[in-house]
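Below is one structure, written out as structure tokens; the observations come after it.
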Amino acid sequence: MLLLILSCTAAPGGPGSSNADRASGAREPRAPAPGAPAPGAPTPRAAGDAVLGPGARPQTHREMVLDRDASRHPGDGGGSWRGVALPGPVEVGSPVQLVAEYVAGPVGIDEGGALTLIPSPFWGWSPPQGHTPDEPGFTVIEAPDGIVLQPRSGGGQLSVTVGGRALAPGEIVRFTYGSGDTARVDRFASRAAALWIGVDADGDGVRSVVPEPVSIEVVAGPAAQVVAILPSAAAPGEVVPLRLAVLDAVGNAFGRWPGTLTLQASSPRLSGPAQITLGPDDEGLATVQLVPEVPGVYTVTVAGVGPPVTTNPLVVRDGIEPILWGDLQIHSGLSDGTGDPAEVWRYAREVAALDVAAITDHDHWGMRFLDAHPRLWADLDRAVDEAYEPQRFVSIHGFEHTHWLYGHRHVLYFDGPGPLLSSLDPATDTPEELWAALQGRMALSVPHHPAGGPVPIDWRRGTHPVLEPVVEIASVHGQSEDPSLPGVIYDAVPGAFASEQLQQGRRLGLIGSTDGHDGHPGLSQLAGGHGGLAAILAPQRTRGAVYQALMARRVYATNGPRIVLRVSVRGAPPGSVLPAGPPAPIEARVVGTAPIERVELVGRGGVIGSQVGTGSLLFTTWELDAPAPGDLAYVRVVQVDGGLAWSSPVFFDPPEG
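If you want it as structure tokens, here you go:
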């Protein structure tokens, strides 16, 4: 029987109801695009939640607990889901039509049960609907004779309730998504973009997804821009790689772009070719070897696709300390991101030219929860180790402890694979229990988006003095360092900004990372406007060296651009603890990626020094006459284009003896 769904009716357990929110795979209440504000304000706290901090989301937490504890029918998530007529590679955001079939499992689906078609719910698939053939997402459903399907759509999903009789084992329901070419695919590329089917076999409002989705390949759109990246530091005469990537308008890579790029160095003392030609099989990628002959600051301007772009600055001098660029919080398609781990690693290395990266998929969020699927967690661990190449690329084991009451933290393991410590496991469902479980490991817990959406850190729980040496202050969600700066995080909570917590005595280094979900580690700002990077002052590209730098707070943060920031206090690096009392001369050297608006010195009480920029280079000095115990000092950089950088603070203790 062919059923053309011509109505949209809400029903108990449908999208938008509490039962649907309980369903496995409920989405994070976040922006539909990276960097955009999340819809709605934080959930108000009930009287019983009075001990929670501002911005906590007790309703979301309760829904996750209810889903975890729900009794599931043997048929929930049962059966199989298969593609019947799937297209070949589809360009991002373009029309698509595909046909897939659900085959009922051994217990079938009771009358009153439901099937729910769920395109990957985060990044731009047309929401499926059955009421208007000429509107996006129109879906036709075919069911066996005697089955009457009652439709309801909303929340990016299309559910149909089984009526007339039960759906027997082995019977088939066919979905034609995009009938009439009215549906569009994800705006981010992936070789296995997923469509899921949820099964509520007994109609109690609790569903599970069939474990394996139907997938199609989504590829990059037309070439629109070039990303050109140099290392930030090198010695004279050293061969340095210029990484080039031709991307579409939102940063998707690996398209077929044959053509020539012209290269114009800022100085003839940076030797290398004047152009490079890419073939159709180069996937828009190239690496050019350059040699800076003498000390200085160099850039390269690249033209050929879209507006000309200029690289980040390369600072060249003898004995220069390396700067490793890292993205320590990335989400893949294993939770609520885009792409499989191998795709993410490839983008990190070949497009974003990162030195360090960590995939930190959610413990209990997305379509399949890692804490409920040990195989997925094992697959991720294996992918991390396969990507690790000491001295070339540092991949780090990790996950996100996604707690909706106390805030989100990502856990990083530097000594090999570690356990997934779920925020919904009663043994590790508080920060204190998480820290206890990490004792004895080369591990870090990193609070992120601490000042706002989607949920801030509950600072009243404290931070661990060993396991939490740094805080992530810049990401796709915005910056959480200070409310006076550009790009402030959405749903901001007064008192939760890092600057406010540092003034209260917390000792934390400052890093950025994308918290990216678009498959574009290191470059989330291309699609969403906000980004984040960690500049790691480590001598080697190894897990051990990166761990030691983070532990010592030898790091700084940016909101995406590769600003070079060198700060010293009494000759000591950021993150140091120095004795109070003697004068403390401070030097700041900044090489921006755009003209510098100002550079600020932050100390006890707020901004205690400021220098206006006159270009992209700035060298300035200050002196603290007699720093007292408990004082601190760190540097902020504000560029005219909104680019930001923050050094980690130096802290002052009473003199020994």
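Note that my numbering has the sequence shown beginning at 3, numbered continuously upward. Idealized CB from N, CA, C, for every residue including glycine. The structure displayed is predicted, hence computed values, not measured ones.
Notebook entry, point to check: residue 402: buried (16+ other C-beta within 10 angstroms of its C-beta) or exposed?
Noted result: buried
Note to self: Taking the alpha carbon of residue 588 as the reference point, which residue from 582, 462 and 574 has its own alpha carbon closest?
What the structure shows: 574
Note to self: Looking at the secondary structure, which residues open and close the alpha helix (DSSP H) in which residue 501 lies?
What the structure shows: 500 to 505
Check: Between which two residues does the alpha helix (DSSP H) carrying residue 387 extend?
Finding: 376 to 389
Notebook entry, point to check: Taking the C-alpha atoms as reference points, what is the distance between residue 141 and residue 517?
Noted result: 33 Å
Notebook entry, point to check: Taking the continuous beta strand (DSSP E) assigned at residue 84, which residues delimit it?
Noted result: 82 to 87
Notebook entry, point to check: Less than 9 Å separating the beta-carbons of residue 629 and residue 559?
Noted result: no
Checklist line | Nearest candidate by alpha-carbon position, reference residue 220, set 235, 227, 200 and 192 | finding: 192
Checklist line | Nearest-angstrom Cα separation, counted from residue 536 out to residue 330 | finding: 7 Å
Check: Per DSSP, what kind of secondary structure is residue 645 in: helix, strand or coil?
Finding: coil
Item checked: Cβ distance (whole Å) where residue 544 is taken to contact residue 413 below 8 Å -> With a Cβ gap of about 20 Å, residue 544 and residue 413 do not count as contacting.
Check: Can we say the region 375 to 390 touches the region 164 to 175, given the rule of at least three CB pairs closer than 8 Å?
Finding: no
Next item on the list: Below 7 Å CB to CB, which residues in the same chain sit around residue 349 once its five sequence neighbours on both sides are set aside?
Entry: 255, 521, 522 and 523
Item checked: Beta-carbon proximity check, residue 203 vs residue 105, cutoff 9 Å -> no
Note to self: Tell me the rounded alpha-carbon separation between residue 144 and residue 102.
What the structure shows: 11 Å
Note to self: Can you check which of these residues, 194, 99, 249 and 236, is closest to residue 526 by C-alpha distance?
What the structure shows: 249
Check: Given a threshold of 16 other Cβ atoms within 10 Å of its Cβ, counted over all protein chains shown, does residue 170 qualify as buried or as exposed?
Finding: exposed
Next item on the list: With a threshold of 16 other CB atoms inside 10 Å of the CB of residue 621, please say whether the residue is buried or exposed.
Entry: exposed
Checklist line | Whole-angstrom C-beta distance between residue 472 and residue 504, which should lie under 8 Å | finding: The pair is not a contact, with the Cβ atoms about 12 Å apart (cut-off 8 Å).
Item checked: Contacting residues, own chain, Cβ-Cβ under 7 Å from residue 438 (five flanking each side not counted) -> none
Margin query: For residue 196, count the other beta carbons within 10 Å of its own beta carbon; 16 or more makes it buried, fewer makes it exposed. Which is it?
Written below: buried
Notebook entry, point to check: What residue does the alpha helix (DSSP H) around residue 550 start on, and which one ends it?
Noted result: 545 to 553
Note to self: Whole angstroms are fine: how far does the CA of residue 81 sit from the CA of residue 49?
What the structure shows: Residue placement at residue 49 cannot be trusted, given a pLDDT of 34 that sits under 50; what the coordinates show is reported in the next sentence. Their backbone Cα atoms lie some 42 Å apart in a straight line.
Check: Nearest to residue 272 by alpha carbon, out of 245, 279 and 241?
Finding: 241
Note to self: Here's the rule I'm using: 16 or more other beta-carbon atoms within 10 Å means buried, otherwise exposed. How should residue 291 be labelled?
What the structure shows: exposed
Notebook entry, point to check: Taking DSSP as the reference, what is the three-state secondary structure of residue 492?
Noted result: coil
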